[in-house]
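Colleague: Residue numbers (our numbering), protein chains in the order written: chain A, 2 to 437; chain B, 2 to 437; chain C, 2 to 437; chain D, 2 to 437.
Here a beta-carbon is modelled for each residue, glycine too, at the ideal position from N, C-alpha and C.
Note that the structure is a prediction, hence the values are computed from the model and not measured.
This is the structure, below, for whatever I ask next.
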């Protein structure tokens, strides 16, 4: 082992890797059908007693071969997971019958065993390979991509999602601050993943990590250097009402000690293969806690959030001809008369407060923050003048305020009675919408 | 040192802790019945939609209260886990019937859902508390301790064991070397946990971490500073035939560069609450890999292992009156005549090679190493002269050799045909036993 | 997480070591006179142009040989440093003459060059060896040990001390907290070095690192794992007046959140070879700063300090026959009548406030804290009942208070006018001493 | 202190910073002359007894004020350093006289003291400020920039350089590998500092850190995140003869396991303020050692180096009209006839082997590598076709081979007799040059 490895603080993770590399017959072949056949044979081996003891190398071979597959090869492998690694209906039937006759603990246990899809154990054993977790997330990403044409793969996505949700339990995540001192491996991922307010290269990224900005992410020990979800925060004086100053690389850097508000202006899920595993609510709360301690002068924690469903909803509302006429001229967005502006804000408040699907708000971002216990504070005119912002919400954006002492109460009001907790200001806007 | 410290600086795990501490009503009360009632109410809250979002603080309260319980309080909590958090037989029955009528994927999914004990979800949510994983392992330890008097708690132990086995998948473990530079938090645990060859305080420990010794452990990111299993290795010239020089603190320190053998002389599982979760086989292989790289002159990897079942088996064998006579005088162990010594070695070889329970060797240590693919190499006279060694195995110990290139073949011979792969020397001893 | 390990992985300091080990002819020989001769030849080589480029391996050889020397060998080496590595008087004379004739910058530079002892450059080059700094400190320690019999070595000690003071400039030191998570390598040094209030093994040490205690040390990057000076702190309610509860391993652990005072009860310089290099004052101030931030409820920062010169001074004072009579019976220390106790406290206050050597207090500990800007707050009866405490100061100890806002003012009063800044209480005691 | 700071692994360096910030009167003023006056007053304070104890905050104030100075302010400060912080000629004279009368150790010590410029002590005390070392390096950089117009500042540069050379002794440097996992803070400095073969942004940098490249730097603990000198290495098959494939971001990434040569193609000193402090030779040797261990298949360690003085020398050589004619048409560089090419190579070999200034080679790069003990191996046609390469050396570059076992011998041949150790091939070229 080299000097560098010796110094590597005693973390000897590589040994695992080297062990299987030493095996002479483990070189993956490249051609498609052969690879699938080889994978099938290896999965049998991995599920056997041998896999139980020496699973790591076999798992590594399977994952190595999987990477060489083209789309049809992958589909063949997923078909295998459906056909050969689902519960056996006869076994399930027999166990169900036995339980019906005698609902004893033993029969229950039998039933539990036969209904568990064997692919769960396969996934657990694949995880023993070096980088196994990363590969399983990638496999799920590819399964999700096939769902439209292969709905039967849904069960694979569901089983793997269930397993990953257990493994990525929030008790296993660590919150880390990301700044310009962070590794380039991590930083390049922010550039790649940020979808809400795109990061245009390293200079742009650097501005978002300056003294008056904060960035936090959740990490899992099995995915070093790989953020799962990250949040971007601007430290400002007062609640930000417009997005451009927050993301413009030319905005002068402010003294963070003078800030009294922290504005969460972007949250990004990084791993498509973890779709459906939720981290967001706990992320914001932990970030608020950390900011409270490191910057005690911050008094307000608020988002500056898109309103993704507003325009679509608005187009379905009858009346509002004048507004619709303005919307037909997107270039004229700066020249809205004051009364129409006001009318649009009223309608947006009404949308956020009253528009529902079953019991919950129609707007997905509103659902997320309200469920977390935040309060809808304010709606801002021309807050996002980008083409996308105009298209989604006529440039409007909303602030949701996170007040730690109120989160639990608000959350309960929301979950019990579907109440959208709003500021007086927003309530007034919503009332005016109805009156008009 | 600074680089690591800087990076550690970004791990903000404490925020989680502080958030719930900030809540005014979370101080756990102390009295027994009240605590149990409070726990019950909190578990309901944790399992509700609210727990899904704000689970961490509630989970922390439950675990905090649990720690204040006395034995009867704990039993009451475990009873709750059995009664209120098991699958509902009616639901299971109905879902089984539906599946019998129509074995569709949807019915299967229903069945899967209703047979899963709700306590699994409870455990997953408890894990969201700071130190949640550590507490769940402690809860399982206490459940296991109650099994004798409360066999119905077995299902709790099984469910929690199942969950922990998934979470402690070997893909999530890191192998670390432990030496005198390690934290006292870790080192004191070696002293506390080592059961095979007891460590008598810090001076004794220090000797076991000198230049001619190695110590490795598996760690999990959720249990920092807490070894899960550790292994002690001596670097020697030739295969060690006796344990005393390996554990005597006065043994002179040898130059590790001159060693040609690595002797694994002790493996210790540290967490009672993880009983049944297996790490051992993969530990030895990874350690061999690391030693191969850091000390390329090492040619032989072997254990010096106890033979825990030998004496018990021997006492049940007919004949061997002379041997039995000697055994009746433990103090005379040094004065065995050569022929009797030889006879005892023959019998021991026969025990290890031929004595079986169903298809596997009767000796538990033999089962472990042979299943891993090791070879039974040698049996040593008076290798462990301690009272315990005399009692267990008349002082005999065995060497099992780990030859990387042979592990897979040996493992397959063992699992397919139950063959005990042995050296010629041991085979000869075993043959002589039969002949006699 | 891995990031820390990754970063540690890149510190490749060992390479340096390996390079010189690779050289075939570098094995140091062992016999005494031969070693000295070899060292002499190597020092010449190290001081040559060759040493300038390839100094590391030669330096390593010299230091390796030095370790094999017995006392007479070391003395021979030190003689060499005096004879061959001092400024050349003729050169100095010539350069002085030239400067006298023409005090030009060029002549000054010549003079500067010839008065610098060549051993300074030798020490700088020896520092290029792996562990060079550690060895140079050890060499100085041995030089200091020889001073009594070899006063001519004083110049070596002075030169090396000058160099080390520059290298251990407080800008290069890092303050680190030491607790039970620290490496055993560091912890065992606390046990070994603590001289004021001895640490009796690991259990005793552990108590001193519990939640209601703090320990800090200065480290230098060239001496990893080697504390230079460390300070022990107890978190208490109110100013501690007696040492036993602070160092008794059986003292119950208090909640640090309830403490309002931090008592510095022991400061230990670890490196004899760094004698005369001062770290202490800046250590206390930095520790106070860190405590202020991590434990904002602490209001008082005070020492509980020995009064090492009191008894000696007292014995030289005329009168006080009753006190002298009591002192003659050390065993009766508990049975002092109240009036005598008061009289002794008065005398001690008078000693600390008025007894001087030139302009500074006679008491060395008083000098240290007063120069730092602390205030003499209180003198405590029977604060240190150990044999040593009785012998030094009749069991009395003093509290010095560090009030950050006053340090500078006090320090200036002390340095300008020699004023001993004291509390009213101590001033009153001192006045009573005079009145009596 | 925030959670993140608490986790910062006990490195409490910030305390130092905060202490002085807490002082009410320490806010630096901004106007020029006032700042200089304030600095002068503070330097007096820093040099007093008070500065000895409480130096850190005063030093921080001085350095903070220094940063606010414009050029004339800085010059005024440097004048102060010359006038008020140089040795006092009268004192020097008196001490020289005393020594002449009686060359005793005491008189020598007096002389040593008065010839040491007081600014050395000033610099040592300034180093006690947070970031003090960084600021002192910056001060020296600015002093060096003034030398042309203010030659009298040379003594400041010399004194500070002497001090920094002592502080940056190679025993205090750590070699670290830099790769894409490194902090962006470090990586952006590679882009900024690389002068030989410019790095054009992050994508270009990334290519230079891929699997078939290596980058190492020296760091000092007082300058975290600040490389002092770095070296870029390409892992190749055979000795590289041309620079473009090594620095072209489009060059395909090769498997490092297949490489048999490590080519050092760029060494960059990063800190102008450390000009004259040498790290280079020891850097290459340590890198070779690390590569030897981590990539044992590498057999050849060689540079691909510029020949900066060739063209200038060539232009001064009489004859060679044909060559001079070609050189007059730089665009035609591809169309040199073979004989002229050969002739140019011969001349270049002659230049490197025979052209001297006093005893050393005329070429500065040759001097550096030959002094390190490398061997001049090969001269390559059109190795650097950049405008700069053509201008410096008609596109020629040289390989110097570092053979660990030969370094010492070669170094001695070079320093004793000025011999340029060359390969037979280069020797032949040089002979042909003479013959022609």
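Can you check whether the CB of residue 130 of chain B is closer than 8 Å to the CB of residue 35 of chain B?
Modeller: Along the second chain, read from residue 1 onward, the residue named residue 35 of chain B stands at position 34. Along the second chain, read from residue 1 onward, the residue named residue 130 of chain B stands at position 129. Going by C-beta atoms, residue 35 of chain B is not nearer than 8 Å to residue 130 of chain B.
Colleague: Under DSSP, the alpha helix (DSSP H) around residue 114 of chain B begins and ends at which residues?
Modeller: By 1-based counting over the second chain, the position of residue 114 of chain B is 113. Residue 114 of chain B -> alpha helix (DSSP H) spans 106 to 116.
Colleague: Name, in chain order, the residues that DSSP records as bridge partners for residue 219 of chain D.
Modeller: Within the fourth chain, numbered from 1, the residue matching residue 219 of chain D stands at position 218. DSSP lists D:176 and D:230 as partners of residue 219 of chain D.
Colleague: Find out if the Cβ-Cβ distance for the pair residue 158 of chain A, residue 174 of chain A is shorter than 8 Å.
Modeller: Residue 158 of chain A sits at position 157 when you count from the first residue of the first chain. Residue 174 of chain A sits at position 173 when you count from the first residue of the first chain. Taking 8 Å as the Cβ cut-off, residue 158 of chain A and residue 174 of chain A do not qualify as a contacting pair.
Colleague: Please classify residue 355 of chain A: is it buried, with 16 or more other beta-carbons within 10 angstroms of its beta-carbon, or exposed?
Modeller: Here residue 355 of chain A corresponds to residue number 354 of the first chain, with the count starting at 1. Flag for residue 355 of chain A reads exposed.
Colleague: Is residue 246 of chain D helix, strand or coil by DSSP?
Modeller: As a working mapping, residue 246 of chain D is identified with position 245 in the fourth chain. Residue state, collapsed to three classes: helix.
Colleague: By alpha-carbon positions, which one of B:307, B:237, B:394 and B:73 ends up nearest to residue 151 of chain B?
Modeller: Numbered from its first residue, the second chain carries residue 151 of chain B at position 150. Closest option to residue 151 of chain B, Cα to Cα, is B:73.
Colleague: Please report how far the alpha carbon of residue 166 of chain C lies from the alpha carbon of residue 352 of chain C, in whole angstroms.
Modeller: To locate residue 166 of chain C, count along the third chain from 1; it is residue 165. To locate residue 352 of chain C, count along the third chain from 1; it is residue 351. Answer to the nearest angstrom: the Cα atoms are 33 Å apart.
Colleague: Would you say the beta carbon of residue 263 of chain A comes nearer than 7 Å to a heavy atom of the ligand SAH?
Modeller: Among the components modelled here there is no ligand, and therefore nothing to report on the ligand SAH.
Colleague: Could you tell me the distance, in whole angstroms, from the CA atom of residue 141 of chain B to the CA atom of residue 186 of chain A?
Modeller: As a first step, residue 141 of chain B is located in the second chain; it is residue number 140 there, counting from the start. As a first step, residue 186 of chain A is located in the first chain; it is residue number 185 there, counting from the start. If you take the alpha carbons of residue 141 of chain B and residue 186 of chain A, they lie about 39 Å apart.
Colleague: Taking its Cβ as the centre, do 16 or more other Cβ atoms sit within 10 Å of residue 22 of chain C, making it buried, or is it exposed?
Modeller: Stepping through the third chain from its first residue, residue 22 of chain C is reached at position 21. The predicted model places residue 22 of chain C with a pLDDT of 33, which falls under 50 and marks its position as unreliable; any figure quoted below should be read in that light. Answer is exposed; the Cβ neighbour count stays below 16.
Colleague: Within its chain, find whatever has a CB closer than 7 Å to the CB of residue 41 of chain C; leave out the 5 residues flanking it on each side and keep chain order.
Modeller: If you number the third chain from 1, residue 41 of chain C lands on position 40. Only 81 meet the Cβ criterion.
Colleague: Strictly below 8 Å CB to CB, what residues from chain B border residue 100 of chain A?
Modeller: Locating residue 100 of chain A in the first chain gives position 99, counting from the first residue. Here the neighbours are 93, 94 and 97.
Colleague: Candidates A:371, A:284 and A:171: which alpha carbon is nearest residue 414 of chain A's?
Modeller: In the first chain, the residue the question calls residue 414 of chain A occupies position 413. It is A:371.
Colleague: Check each candidate in B:143, B:211, B:203 and B:122 and name the one with the smallest Cα separation from residue 44 of chain B.
Modeller: Taking the second chain and counting its residues from 1, one reaches residue 44 of chain B at position 43. Ranking the options by Cα distance to residue 44 of chain B, first place goes to B:122.
Colleague: Quick check on residue 279 of chain D: does DSSP put it in helix, strand or coil?
Modeller: On the fourth chain, residue 279 of chain D is found 278 positions in, with the first residue counted as 1. Residue state, collapsed to three classes: coil.
Colleague: Does DSSP put residue 46 of chain C in a helix, in a strand, or in coil?
Modeller: To locate residue 46 of chain C, count along the third chain from 1; it is residue 45. If DSSP states are grouped into helix, strand and coil, residue 46 of chain C belongs with the helices.
Colleague: Using the three-state DSSP reduction, which class does residue 128 of chain C fall into: helix, strand or coil?
Modeller: Working through the third chain from its first residue, we reach residue 128 of chain C at position 127. Three-state result, residue 128 of chain C: coil.
Colleague: Under the assumption that residue 290 of chain A contacts residue 384 of chain A (Cβ atoms under 8 Å), give the Cβ distance between them as a whole number of angstroms.
Modeller: Position 289 of the first chain holds residue 290 of chain A. Position 383 of the first chain holds residue 384 of chain A. So it is not a contact: roughly 27 Å between Cβ atoms.
Colleague: Using a 10 Å radius around the Cβ and a threshold of 16 neighbouring Cβ atoms, would you call residue 26 of chain C buried or exposed?
Modeller: Taking the first residue of the third chain as position 1, residue 26 of chain C is located at position 25. Since pLDDT at residue 26 of chain C reaches only 41, below the 50 mark, its modelled position is unreliable, and the value read off the structure follows with that caveat. With fewer than 16 other Cβ atoms within 10 Å, it is exposed.
Colleague: Does any CB atom of chain A fall closer than 8 Å to the CB of residue 188 of chain D?
Modeller: Here residue 188 of chain D refers to the residue found at position 187 when the fourth chain is read from its first residue. Answer yes: the Cβ-Cβ gap between residue 188 of chain D and chain A drops below 8 Å somewhere.
Colleague: So with CB distances below 8 Å, who are the chain D contacts of residue 116 of chain C?
Modeller: Against the third chain, residue 116 of chain C aligns to sequence position 115. What residue 116 of chain C touches in chain D: 109, 112, 113 and 116.
Colleague: What are the residues of the stretch 176 to 187 of chain D that lie near chain A, defined by any Cβ-Cβ distance shorter than 8 Å?
Modeller: Listed by position, the residues of the stretch 176 to 187 of chain D near chain A (Cβ gap below 8 Å) are 178, 181, 182, 183, 184, 185 and 186.
Colleague: Identify which residue in D:297, D:61 and D:364 has its Cα closest to the Cα of residue 259 of chain D.
Modeller: Locating residue 259 of chain D in the fourth chain gives position 258, counting from the first residue. If we check each option's Cα against that of residue 259 of chain D, D:297 comes out closest.
Colleague: Whole alpha helix (DSSP H) runs in the stretch 266 to 311 of chain C with 4 or more residues, listed along the chain?
Modeller: Segments of the alpha helix (DSSP H) lying fully in the stretch 266 to 311 of chain C: 281 to 295.
Colleague: Taking residue 284 of chain B and residue 200 of chain B to be in contact with their CB atoms under 8 Å, please state how far apart those CB atoms are, rounded to whole angstroms.
Modeller: Translated into the one-based positions of the second chain, residue 284 of chain B becomes position 283. Translated into the one-based positions of the second chain, residue 200 of chain B becomes position 199. Contact doesn't hold; Cβ gap of about 19 Å is too wide.
Colleague: Using a 10 Å radius around the Cβ and a threshold of 16 neighbouring Cβ atoms, would you call residue 306 of chain B buried or exposed?
Modeller: Taking the second chain and counting its residues from 1, one reaches residue 306 of chain B at position 305. So residue 306 of chain B ends up on the buried side.
Colleague: Nearest chain A C-beta to residue 226 of chain D closer than 8 Å, yes or no?
Modeller: In the fourth chain, residue 226 of chain D corresponds to position 225, counting from 1. Yes, contact with chain A.
Colleague: Taking residue 423 of chain B as the query, report the chain A residues whose CB atoms sit under 9 Å from its CB, ordered along the chain.
Modeller: Start at 1 with the first residue of the second chain, and residue 423 of chain B comes out as number 422. What residue 423 of chain B touches in chain A: nothing, since even the nearest Cβ is about 19 Å away.
Colleague: Taking Cβ-Cβ distances shorter than 9 Å, what residues in chain C pair up with residue 129 of chain D?
Modeller: In the fourth chain, residue 129 of chain D corresponds to position 128, counting from 1. Those are 170, 171, 172 and 283, listed as they occur along chain C.
Colleague: Whose C-alpha, out of A:320, A:302, A:366 and A:276, is nearest the C-alpha of residue 310 of chain A?
Modeller: Here residue 310 of chain A refers to the residue found at position 309 of the first chain. Closest by alpha carbon: A:366.
Colleague: I'd like the list of long-range same chain contacts for residue 346 of chain C, defined as Cβ closer than 6 Å, with 5 residues on each side in sequence excluded.
Modeller: Position 345 of the third chain, counted from the first residue, corresponds to residue 346 of chain C. Taken in chain order, the residues that qualify are 380 and 430.
Colleague: Considering only residues of the same chain and omitting the five flanking positions on each side of residue 368 of chain C, which have a CB-CB separation below 8 Å?
Modeller: Here residue 368 of chain C refers to the residue found at position 367 of the third chain. Correct list, in chain order: 361 and 362.
Colleague: Which of helix, strand or coil does DSSP assign to residue 451 of chain D?
Modeller: Chain D is shown from 2 up to 437; residue 451 of chain D falls before or after that span and cannot be answered.
Colleague: Report yes if the C-beta distance between residue 400 of chain C and residue 428 of chain C is below 8 Å; otherwise report no.
Modeller: As a working note, residue 400 of chain C is residue 399 in the third chain. As a working note, residue 428 of chain C is residue 427 in the third chain. No. Outside cutoff.
Colleague: Spell out the partners DSSP gives residue 401 of chain A in its beta bridges.
Modeller: On the first chain, position 400 is the one that residue 401 of chain A refers to. Partner(s): A:377.
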